[in-house]
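Here the sequence shown stands for residues 1115 to 1462, numbered as in my numbering. Scroll down for the structure; my scribbles are underneath it.
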Amino acid sequence: MSAVSPSPVPRHDWQREEILALFALPFTELVFQAATVHRQHFDPREVQVSTLLSVKTGGCPEDCSYCPQAARYHTGVDATKLMETDEVLAKARQAKAAGASRFCMGAAWRSPKDRDIPKVAEMIREVKALGMETCATLGMLSGHQADALKAAGLDYYNHNLDTAPEFYGEIIHTREFQDRLDTLSHVRDAGMKTCCGGIVGMGESREQRAGLLQALVSLPAHPDSVPINRLVQVPGTPLAGTAELDPFEFVRTIAVARILMPKSMVRLSAGREQMSDELQALCFTAGANSIFYGEKLLTTGNPDTERDMALFDRLGLVPMQVQVDAADHDRPGTVHATITDVPAAAVA
Ligand code: SAM
Ligand code: DTB
Ligand code: SF4
């Protein structure tokens, strides 16, 4: 039955045909293989929980066809200035109290200006001092900007490849695929962990979904986190109205990502609000082990926390605990992420 046996050793040389052979497996066989690989590296009950905050929204000069924050599309998203550190900290405290262990700060920038870095560095230092893992997604970074963010205590940098190299030019015209690879190199060279994935459901073919995963697995290091976003269609963006991806094909993409990048956290990322609980359960079964938690992503919705708490409870999932490295942190200790108690009535 198995067209390709998942290798116990993470590989970087997956060929397109091998990846397509995984996609072509009978659905239950593919999910079984992915679930088997998942168990070799993770406790399948555990799901890592991150909260996102848009610290600078809208007005972006780029033309990413999926994005409600591009200034050139009329999506009703108003441009804001960079938030003040105190406001960001208040949101981070709320996220921590609700059970998130990682806090991700996003900015609608093509790339930060050097003058923005001290303020972002201050946010990172203060969030880290709460005992949370820190993540930022600010666009393209130069080497010295990456070094400055690392020095401030940034654990992860999110920068997605978004789609296959051969489909990229149909989605984004204001920067090249190679620019993304260069930013990821700067992030790795600075010693930060990479969070890098893409979006499916943008009208790409299965071959191109395989191409995205091939590009991710071919990076010099597998990304530590791999967000798989399902396109959130926002009226006013060029991709609004795209034919919706078959939900089973979405699960297949998660399963193949899990097999290819066995030690990475595979994040069931944007698009959960529009998914049924059953579809999400299939994604967790296929090896997804991370989510964004909290009512909002950057500008679009996410399931409300009660729904997620109830889903975790119904599926017997628990938030992953995070070890905060004392050497790396001025407040040593272990953070036990707990999604706040689920009222029994909510799941009865
Ligand atoms: N401006 C920075 C950048 O592009 O790297 C950081 C923020 S940007 C919003 C982060 C990622 O969000 C994008 O690379 C894309 O993968 C994802 N994203 C944006 N809009 C989305 C949408 N409508 N549906 C799904 N994912 C989306
Ligand atoms: C990622 O891959 N997905 C997140 C995070 N990284 C920054 C962003 C999703 C954004 C969805 C559209 C919005 O809310 O604006
Ligand atoms: Fe700007 Fe990032 Fe949106 Fe592209 S994805 S338009 S760079 S905010």
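Glycine included, every Cβ here is placed at the ideal spot set by N, Cα and C.
Report whether the distance from the Cβ of residue i to the nearest heavy atom of the ligand SF4 is below 6 Å.
{"i": "C1397", "result": "no"}
Output needed for residue i: all residues of its chain with C-beta closer than 8 Å, excluding positions within five of it in sequence on either side, in chain order.
{"i": "E1236", "result": "T1199, A1266"}
{"i": "D1338", "result": "Y1270, K1307, T1308, C1309, S1378, M1379"}
{"i": "L1330", "result": "L1275, C1310, G1311, G1312, H1336, P1337, V1340, A1371, L1374, M1375"}
{"i": "E1280", "result": "Q1322, G1325"}
{"i": "V1145", "result": "V1365, A1369, L1396, T1399, A1400"}
{"i": "V1241", "result": "V1202, L1203, A1206, F1217, M1219, T1248"}
{"i": "L1429", "result": "A1395, F1398"}
{"i": "R1289", "result": "E1176, R1224, M1254"}
{"i": "R1302", "result": "T1308, P1334, A1335"}
{"i": "G1415", "result": "E1387, E1409"}
{"i": "P1124", "result": "H1336, M1375, P1376, K1377"}
{"i": "G1350", "result": "P1182, Y1187, H1188, T1189, G1190"}
Within its chain, find whatever has a CB closer than 7 Å to the CB of residue i; leave out the 5 residues flanking it on each side and keep chain order.
{"i": "L1268", "result": "I1238, T1248, A1250, M1306"}
{"i": "H1300", "result": "L1255, S1256, G1257, A1260"}
{"i": "S1332", "result": "H1126"}
{"i": "P1232", "result": "none"}
{"i": "A1209", "result": "T1165, F1217, G1408"}
{"i": "W1128", "result": "Q1328, V1331, L1374"}
{"i": "A1184", "result": "C1174, E1176, D1177, C1178"}
{"i": "T1367", "result": "V1314, R1323, I1342"}
{"i": "L1298", "result": "H1273, T1308, C1310, L1333"}
{"i": "D1442", "result": "Here the model assigns D1442 a pLDDT of 40, short of 50, so the residue's position is not dependable and the matter cannot be decided."}
{"i": "E1160", "result": "N1403, V1432, M1434"}
{"i": "A1278", "result": "E1318, Q1322, G1325, L1326, A1329"}
Taking 6 Å as the limit between beta carbons, can you name the residues of its chain near residue i, skipping five residues before and five after?
{"i": "Q1347", "result": "A1354"}
{"i": "L1263", "result": "none"}
{"i": "P1341", "result": "G1311, R1381, S1383"}
{"i": "H1152", "result": "P1158, R1372, G1401"}
{"i": "S1168", "result": "G1220, L1412"}
{"i": "L1134", "result": "A1324"}
{"i": "G1253", "result": "W1223, R1224, S1225"}
{"i": "I1286", "result": "C1178"}
{"i": "L1393", "result": "P1361"}
Could you tell me whether any non-hydrogen atom of the ligand SAM is closer than 6 Å to the CB of residue i?
{"i": "V1069", "result": "Because the chain here runs from 1115 to 1462, residue 1069 falls outside it and cannot be looked at."}
{"i": "D1276", "result": "yes"}
{"i": "G1220", "result": "yes"}
Answer yes or no: the CB of residue i versus the heavy atoms of the ligand DTB, is any distance below 6 Å?
{"i": "S1383", "result": "yes"}
{"i": "T1414", "result": "yes"}
{"i": "V1346", "result": "yes"}
{"i": "P1124", "result": "no"}
{"i": "G1315", "result": "no"}
{"i": "E1356", "result": "The residue you asked about is not Glu; residue 1356 is Thr in the sequence shown. Result no, Cβ not under 6 Å from the ligand DTB."}
{"i": "T1248", "result": "no"}
{"i": "A1251", "result": "The sequence as given places Thr at residue 1251; Ala does not occur at that position. T1251 Cβ: within cutoff of the ligand DTB."}
{"i": "N1403", "result": "no"}
{"i": "P1341", "result": "yes"}
{"i": "L1255", "result": "no"}
{"i": "L1411", "result": "yes"}
When you get a sec, list the residues whose CB is within less than 5 Å of any heavy atom of the ligand SF4, chain order please.
-> C1174, E1176, C1178, C1181, Q1183, A1184, A1222
At a cut of 8 Å, does the region 1427 to 1438 reach the region 1188 to 1202 through at least three beta carbon pairs?
-> no
Which runs of the alpha helix (DSSP H) fall wholly inside the region 1325 to 1373 and span at least 4 residues, in chain order?
-> none
For the region 1191 to 1275, list the beta strand (DSSP E) runs that are entirely contained and at least 3 residues long, ordered along the chain.
-> 1216 to 1221, 1247 to 1251, 1270 to 1272
Could you pull out every unbroken beta strand (DSSP E) segment of at least 3 residues lying fully inside the region 1132 to 1183, listed in chain order?
-> 1160 to 1170
Which whole runs of the beta strand (DSSP E) in the region 1391 to 1434 are 3 residues long or more, in chain order?
-> 1404 to 1406
contact_flag[the region 1136 to 1151, the region 1172 to 1188] where n(CB pairs < 8 Å) is 3 or more | no
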